[in-house]
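Mapping the sequence shown onto my numbering, position 48 (from 1) lands on 48, and the numbers just tick up by one.
C-beta atoms are modelled at their ideal positions from N, C-alpha and C, and glycine is treated no differently.
Quick caveat: nothing in here was measured; it's all calculated off a predicted structure.
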Amino acid sequence: MAAVYVVWGSTYLGIAIAIQTLPPMTSGGLRFVAAALVLGTVLLVRAVPFRMRWREFGSAALVGLLLLAGGNGMVAVAEQHISSGLAALLVASTPLWLIVLRTAFRDRPHLLTLAGVLVGFAGVAFLSLRGGGASGSGAGITVVLLGSLSWSVGSFLSPRIPMPANPFVASTVEMAVGGVALLVMGLVQGERLHVGAVSWQSWTALAYLVLVGSLVGFTSYIWLLGHAPISLVSTYAYVNPVVAVLLGMAVLSEPVTAAMLVAGALIVVGVALVVSTERRGRTAPPPEEETAAVPGRVTASRPTTEP
Numbered sequence: 001m002a003a004v005y006v007v008w009g010s011t012y013l014g015i016a017i018a019i020q021t022l023p024p025m026t027s028g029g030l031r032f033v034a035a036a037l038v039l040g041t042v043l044l045v046r047a048v049p050f051r052m053r054w055r056e057f058g059s060a061a062l063v064g065l066l067l068l069a070g071g072n073g074m075v076a077v078a079e080q081h082i083s084s085g086l087a088a089l090l091v092a093s094t095p096l097w098l099i100v101l102r103t104a105f106r107d108r109p110h111l112l113t114l115a116g117v118l119v120g121f122a123g124v125a126f127l128s129l130r131g132g133g134a135s136g137s138g139a140g141i142t143v144v145l146l147g148s149l150s151w152s153v154g155s156f157l158s159p160r161i162p163m164p165a166n167p168f169v170a171s172t173v174e175m176a177v178g179g180v181a182l183l184v185m186g187l188v189q190g191e192r193l194h195v196g197a198v199s200w201q202s203w204t205a206l207a208y209l210v211l212v213g214s215l216v217g218f219t220s221y222i223w224l225l226g227h228a229p230i231s232l233v234s235t236y237a238y239v240n241p242v243v244a245v246l247l248g249m250a251v252l253s254e255p256v257t258a259a260m261l262v263a264g265a266l267i268v269v270g271v272a273l274v275v276s277t278e279r280r281g282r283t284a285p286p287p288e289e290e291t292a293a294v295p296g297r298v299t300a301s302r303p304t305t306e307p
């Protein structure tokens with residue numbers, strides 16, 4: 001739990017440092033391609049078969065595009081304009097988007113769940129209207145909210161479409177496809193990697209995101225799914241933003257405005273209400289449904305993201 005709390009909460013700081021001298025989409029592409037190569041190599045050494053149907057490969061590729069290219073990639077782009085703490089608070093709204101999607105597809109969430117959505121979105125609206133005070137811009141807030149919506153759609157679809165049976169294989173495909181897509185998007189947007197201009201701090205942050213954020217955080221999350229109550233694992237969704245805000249303030253001296261404190265409290269309370277109500281209201285749900293309900297991961301949902 002400490003790894004999931006701190007590691008995934010710290011990835012927002014890692015992204016902020018990486019994009020100081022690395023192009024945002026290129027840095028995300030390098031991160032996920034490298035993580036896919038490492039994870040894929042480990043699977044090959046352990047003789048894990050990469051057998052899957054083309055339909056399963058296509059589904060994993062789609063989820064990777066939505067989660068990593070559309071979700072994580074947009075967080076990196078947004079952090080050019082907003083603080084890492086503000087980005088984390090806005091990304092914390094992802095469970096709320098999932099409830100909206102479920103409602104749109106004729107699922108009827110509990111009344112307390114809908115109340116949590118309203119409270120959480122009140123915080124998002126307050127942050128958006130106030131622009132995060134001195135911590136962000138309207139453009140950055142819009143981009144990160146679009147990224148959160150993309151992540152939510154990917155999380156919503158993943159348990160409903162055919163995926164590779166092995167979650168580690170699915171993760172490898174997702175990270176490889178999402179990483180390549182980010183590299184292509186960066187090239188199309190005119191990003192160019194000038195190795196000599198990249199600081200050692202950015203390289204270190206990128207290595208941290210690959211090895212600790214994408215691999216240690218992921219394996220810790222997978223282990224927890226099999227050894228801890230999902231209600232406990234789910235709490236990372238509202239602990240991560242708190243960790244991110246504190247780290248951004250301590251390491252990068254990012255300002256924490258009154259608007260962020262008020263709106264952040266509303267978002268965290270709303271997400272906590274949603275998560276706790278959803279867990280109490282379910283009895284022995286299927287593994288894929290359980291994991292898909294906990295957004296923020298960087299893997300497939302069988303049995304299953306970080307920012």
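Spanning the alpha carbons of PHE57 and ALA258 requires a straight line of approximately 46 Å. Assigned with DSSP and collapsed to three states, HIS81 falls in coil, not helix or strand.
An exposed status is given to VAL184, since fewer than 16 other beta-carbon atoms sit within 10 Å of its beta-carbon. Around the beta carbon of VAL188, fewer than 16 other beta carbons sit within 10 angstroms, so the residue counts as exposed.
Distance from GLY140 to ALA78 at the Cβ level is roughly 4 Å; contact confirmed, criterion being Cβ atoms closer than 8 Å.
In the assembly as shown, PHE50 is an exposed residue. Its beta-carbon has fewer than 16 other beta-carbons within 10 Å. DSSP places VAL153 inside the alpha helix (DSSP H), whose first and last residues are 138-157.
Just so you know, the alpha carbons of VAL239 and GLY9 end up roughly 8 Å apart. Between ILE161 and SER93 the beta-carbon gap is near 24 Å, outside 8 Å, which marks them as no contact.
Its chain contains GLY270, LEU273, VAL274 as the residues whose beta carbon lies nearer than 6 Å to that of GLY116, once the 5 sequence neighbours on both sides are disregarded; these appear in chain order. Residue THR219 holds the alpha-carbon nearest to the alpha-carbon of THR172 among SER202, LEU157, THR219. The shortest C-alpha to C-alpha distance from TRP200 to any of THR11, ILE19, VAL7 is the one to ILE19.
Under the three-state reduction of DSSP, GLY178 is assigned to helix.
A distance below 6 Å between beta-carbons, with the five flanking residues on each side excluded, links SER253 to no residue of its chain. LEU30: member of the alpha helix (DSSP H) spanning 24-45, first to last residue.
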